[in-house]
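A short write-up of the structure that comes next.
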Amino acid sequence: MYARRIPRPKPLKELLKRFPAPTGGWVSNRNLADPSQPGVAQGAAILDNFFPKASSVIMRRGRVAYDRVPSDPLAMFSYKNGNNKKLFTATETNIYNITIPPAASVVAGKTSGDWSVVQFATTGGVFLIGVNGADSGFQYDGTTFSVPAMTFPGGLTTADMSYVWAYKNRLWFAQKNSMNAYYLAVDSIGGAATVFPLAGIFGKGGSLMFGQAWSLDSGAQGGLSEQNIFVSTEGEVAVYQGADPSSASDWQKVGVYRIGTPLGKNAFFRGGGDLAIATSVGLVPLSKAISLDITSLNVATVSYNIADAWSEAVFLRGLEGWSCELWPEQKMAFVSPPDIVGSSSPVAFISNTETGAWCRFTNWRMLCMEVFDGQLYFGSPGGTIYAANQSGLDGDMPYTGVVMPLFEDVGSPASSKVGRMGRTVIRSLGVVSSAIAMHVDFNMTMGVAPDSSGGASSNLWGTGTWGASTWGAAAPEFINQDWKSIGGLGYAITLSCQITSGSEAPLDAEIIRQEMTYTQGGLVS
């Protein structure tokens, strides 16, 4: 008799999983078990301190201290009239000129820094008009601040006005804690204001939060038709058209629409003629709100890709104190929520204005923002004014970027996968030290961040353009793509990458793709 040979099991074959750069941005609204969507760019479960471009994701630069004021900067605004350009910030008590540091106080003795400011041109010049709902307002003519000569019905003054905007060559004001708006004569920065009551218009009550001019496609008439909108604290928007509120033939109500609770009087963007308003249901384009019921608005929001994260932020951070700012030069739209009560957890949500992809910037508490001469500045607690996206440090501290593509079962949800090797292909201005790790079954807990990497040498810093496809003739590119051993066992898998920037020279680390090898077990029986 012969012994029967026992067949040896075949060795498991190593398989390759490739994750393209998550140019689809941070995503929190897809089915965890089935995140892939035909024709949709790779998304990320985590995209912190990396900005999604159309071709890759690139590590943000840091923030550099630009100026200081004695207490928290609560508002920023600018004056731009030809070559006369000024940048200002306001604390609770003062307004400071910060065009050229150090900051110089130009207005003192105030009790609130919650300024609403609009630039308004008349035949007599170009002016800034500001109100804060607590103190006498101001007007600025490019040289001097003064108190505007305005009168309001019932003995009210500019101190009772909390918001100002311009529509069809008129200044409009919102009265604090009221349903009343007021308007001046055409091309006027003074004189007697006329009341425009809205108490009978808003069915859900509340008060008037802000107003804006808004352009709506006029359809068959061709072109855009400018409207005047009034936004209430309860999330209703009243839309009017016409130029003269005192004329029945030149002033009509278009409609009243619901958008969700607005998150602050500074929490909106203007994109072309449209307005996108940050609300409890997301970042709502007004052009969508007029055609959709509020129950259907979520899927039409600009922030739909991060719908779950947005809802969580609203729940944890509250319905007040959010702010928004566009940075056209960098194709960035910033949404800055307040901190979580009782903790310091600064974060900003950023969208690529061309692709609509989102990411998060951590450790940036942006109390107020303003783009001035192509540079974004923001005020932080304690009085520091920062220039955004400069250097490789946040102030004098390192920061870490994290990229984690969405989990995938690679077509075999019932088969276990064992991680073997992994790498991230990174293009940068210097050698990058990265930490990569396999994550399984939707566990997004990150390991210890790697030591900081040095950026380009100091004599090369500034020769390239952040975000550009070429870095400049003098700045060589480094391709970092070493394989590293990874471990992990699970059914759904992904690969994270952490990079720490810790030198004055920025890394400009650009992730092209991530790859991992793994072995796959048989089906569960």
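The opening residue of the sequence shown carries number -2 in our numbering; numbering runs sequentially from there.
Just so you know, even glycine gets a beta-carbon here, dropped at the ideal spot from N, CA and C.
This one's a predicted model, so the numbers in the text were calculated from it and none came from an experiment.
6 angstroms Cβ shell around T298 - same chain, five flanking residues per side excluded: As a first step, residue 298 must be located in the sequence shown, where it is residue number 301. Once the five neighbours on either side are set aside, the close Cβ partners of T298 are G279, L280, V281.
Whole angstroms are fine: how far does the CA of T292 sit from the CA of G392? As a position in the sequence shown, residue 392 is number 395, starting the count at 1. As a position in the sequence shown, residue 292 is number 295, starting the count at 1. Rounded to whole angstroms, G392 to T292 spans 43 angstroms at the Cα level.
Measure the Cβ-Cβ separation of A178 and L205 and say whether it is below 8 angstroms. What you label residue 178 is simply residue 181 of the sequence shown in a count that begins at 1. What you label residue 205 is simply residue 208 of the sequence shown in a count that begins at 1. In contact: A178 and L205 (Cβ atoms closer than 8 angstroms).
Compare the C-alpha of S431 against each of P378, V332, D448 and name the closest. Looking up residue 431 in the sequence shown gives position 434. If we check each option's Cα against that of S431, D448 comes out closest.
Is N360 closer than 8 angstroms to Y396 when the C-beta atoms are compared? Residue mapping note: residue 396 aligns to position 399 of the sequence shown, counting from 1. Residue mapping note: residue 360 aligns to position 363 of the sequence shown, counting from 1. Going by C-beta atoms, Y396 is nearer than 8 angstroms to N360.
How about A264 and I256: do their beta carbons lie closer than 8 angstroms? As a first step, residue 264 is located in the sequence shown; it is residue number 267 there, counting from the start. As a first step, residue 256 is located in the sequence shown; it is residue number 259 there, counting from the start. It is not a contact, given that the beta carbons lie outside the stated cut-off.
Considering Cα atoms alone, identify which of H436, S212, L403 is closest to R417. As a working mapping, residue 417 is identified with position 420 in the sequence shown. Of H436, S212, L403, the residue nearest in Cα terms is H436.
Return helix, strand or coil for D290, following the three-state DSSP convention. Mapped onto the sequence shown, residue 290 falls at position 293. Looking at D290 - three-state DSSP - the assignment turns out to be coil, as it is neither helix nor strand.
Let me check one thing: in DSSP terms, what residues is G208 bridge-paired to? Here the question's residue 208 lines up with position 211 in the sequence shown. DSSP output for G208 lists F227 as bridge partner(s).
Helix, strand or coil at D247 according to DSSP, with G and I counted as helix: Here residue 247 corresponds to residue number 250 of the sequence shown, with the count starting at 1. D247 falls in the helix class under three-state DSSP.
For the 8 angstroms Cβ check, are there 3 or more pairs between the stretch 117 to 126 and the stretch 95 to 105? As far as the Cβ criterion goes, the stretch 117 to 126 does not touch the stretch 95 to 105, which means the pair count is below three.
For the alpha helix (DSSP H) that A524 lies in, which residues bound it at each end? Within the shown structure, residues of the chain are numbered from -2 to 522, placing residue 524 beyond reach of any answer.
Do V311 and S277 come within 8 angstroms of each other at the CB atom, strictly closer than that value? Walking along the sequence shown from the start, residue 277 turns up at place 280. Walking along the sequence shown from the start, residue 311 turns up at place 314. Yes, Cβ-Cβ distance for S277 and V311 is below 8 angstroms.
Please confirm if G121 has its CB atom under 8 angstroms from at least one CB of chain B. Any reference to chain B falls outside this structure, which holds one protein chain only.
Considering just the uninterrupted stretch of the beta strand (DSSP E) at Y488, what are its terminal residues? Along the sequence shown, read from residue 1 onward, the residue named residue 488 stands at position 491. Counting along the chain, Y488 falls outside any beta strand (DSSP E), and DSSP gives it neither H nor E.
Name the two residues that bound the continuous beta strand (DSSP E) containing I433. Start at 1 with the first residue of the sequence shown, and residue 433 comes out as number 436. That run of the beta strand (DSSP E) goes 431 to 437.
Between which residues of its own chain and V123 is the CB-CB distance below 6 angstroms, once the five residues before and five after are set aside? Position 126 of the sequence shown, counted from the first residue, corresponds to residue 123. So the list reads N78, once near-sequence residues are dropped.
DSSP state of K14 mapped onto helix, strand, coil: Locating residue 14 in the sequence shown gives position 17, where the first residue counts as 1. If DSSP states are grouped into helix, strand and coil, K14 belongs with the strands.
Going along the chain, which residues of its own chain have a beta-carbon closer than 6 angstroms to the beta-carbon of V368, five neighbours each way excluded? Here residue 368 refers to the residue found at position 371 when the sequence shown is read from its first residue. W324, listed in sequence order.
contact_flag[the stretch 35 to 48, the stretch 315 to 324] where n(CB pairs < 8 angstroms) is 3 or more: no
Start-to-end residues for the beta strand (DSSP E) that takes in G152: For the purposes of this step, residue 152 is taken as the residue at position 155 of the sequence shown. Looking at the DSSP string, G152 is not in any beta strand (DSSP E), and its letter there is neither H nor E.
Helix, strand or coil, according to DSSP, for I508 in the structure here? Along the sequence shown, read from residue 1 onward, the residue named residue 508 stands at position 511. Of the three classes helix, strand and coil, the one that applies to I508 here is strand, per DSSP.
Cβ-based burial, W525 [other Cβ within 10 Å; buried from 16]: The displayed coordinates of the chain run from -2 to 522. Any statement about residue 525 would go beyond what the structure contains.
Could you tell me which residues DSSP pairs with Y160 in its beta bridges? In the sequence shown, the residue the question calls residue 160 occupies position 163. DSSP output for Y160 lists A171 as bridge partner(s).
Throw me the rounded Cβ distance for the S288 and D271 pair, which I believe falls under 8 angstroms. Your numbering for residue 288 matches position 291 in the sequence shown. Your numbering for residue 271 matches position 274 in the sequence shown. Contact doesn't hold; Cβ gap of about 13 angstroms is too wide.
Cβ pair D69, T88 closer than 8 angstroms: Position 72 of the sequence shown, counting from 1, holds the residue named residue 69. Position 91 of the sequence shown, counting from 1, holds the residue named residue 88. In this structure, T88 lies closer than 8 angstroms to D69 by Cβ.
Identity of the residues DSSP links to Y179 by a beta bridge: Position 182 of the sequence shown, counting from 1, holds the residue named residue 179. F170, V192.
Please confirm whether A330 and F375 have their CB atoms less than 8 angstroms apart. Along the sequence shown, read from residue 1 onward, the residue named residue 330 stands at position 333. Along the sequence shown, read from residue 1 onward, the residue named residue 375 stands at position 378. No, these two residues do not count as a Cβ contact at 8 angstroms.
Note down, in chain order, each residue of its chain lying with its Cβ closer than 6 angstroms to the Cβ of W458, except the 5 sequence neighbours on either side. Here residue 458 is taken as the residue at index 461 of the sequence shown, counted from 1. Residue confidence for W458 is low, a pLDDT of 46 falling below 50, so the modelled location carries little weight and cannot support an answer.
Please report how far the alpha carbon of P49 lies from the alpha carbon of T90, in whole angstroms. Here the question's residue 49 lines up with position 52 in the sequence shown. Here the question's residue 90 lines up with position 93 in the sequence shown. Whole-angstrom Cα-Cα distance: 39 angstroms.
Can you grab the Cα-Cα spacing for the pair D157 / Q172, in whole Å? The residue labelled residue 157 in the question sits at position 160 within the sequence shown. The residue labelled residue 172 in the question sits at position 175 within the sequence shown. Approximately 6 angstroms, taken between the alpha carbons.
Among the residues of its own chain, which have a CB less than 8 angstroms from the CB of G353, if the five just before and after it don't count? Sequence index remark: in the sequence shown, residue 353 carries index 356 (1-based). Excluding sequence neighbours, G353 sits near G22, V299, N302.
Let me know if T508 comes out buried or exposed under the rule of 16 or more other beta-carbons within 10 Å of its beta-carbon. Translated into the one-based positions of the sequence shown, residue 508 becomes position 511. The residue you asked about is not Thr; residue 508 is Ile in the sequence shown. I508 comes out buried.
Going by alpha carbons, who is nearest to N26 out of R362, G188, T140, N295? Stepping through the sequence shown from its first residue, residue 26 is reached at position 29. Nearest to N26 by alpha-carbon distance, out of R362, G188, T140, N295, is N295.
Applying the criterion that 16 or more other CB atoms from any shown protein chain within 10 Å of the CB defines a buried residue, is K83 buried or exposed? Here residue 83 refers to the residue found at position 86 when the sequence shown is read from its first residue. It is buried - the Cβ of K83 has at least 16 other Cβ atoms within 10 Å.
Leaving out five residues on either side along the sequence, give the residues of the same chain with a beta carbon under 8 angstroms from the beta carbon of S466. On the sequence shown, residue 466 is found 469 positions in, with the first residue counted as 1. At S466, the pLDDT of 40 sits below 50, so the modelled position is not reliable and the matter cannot be decided from this model.
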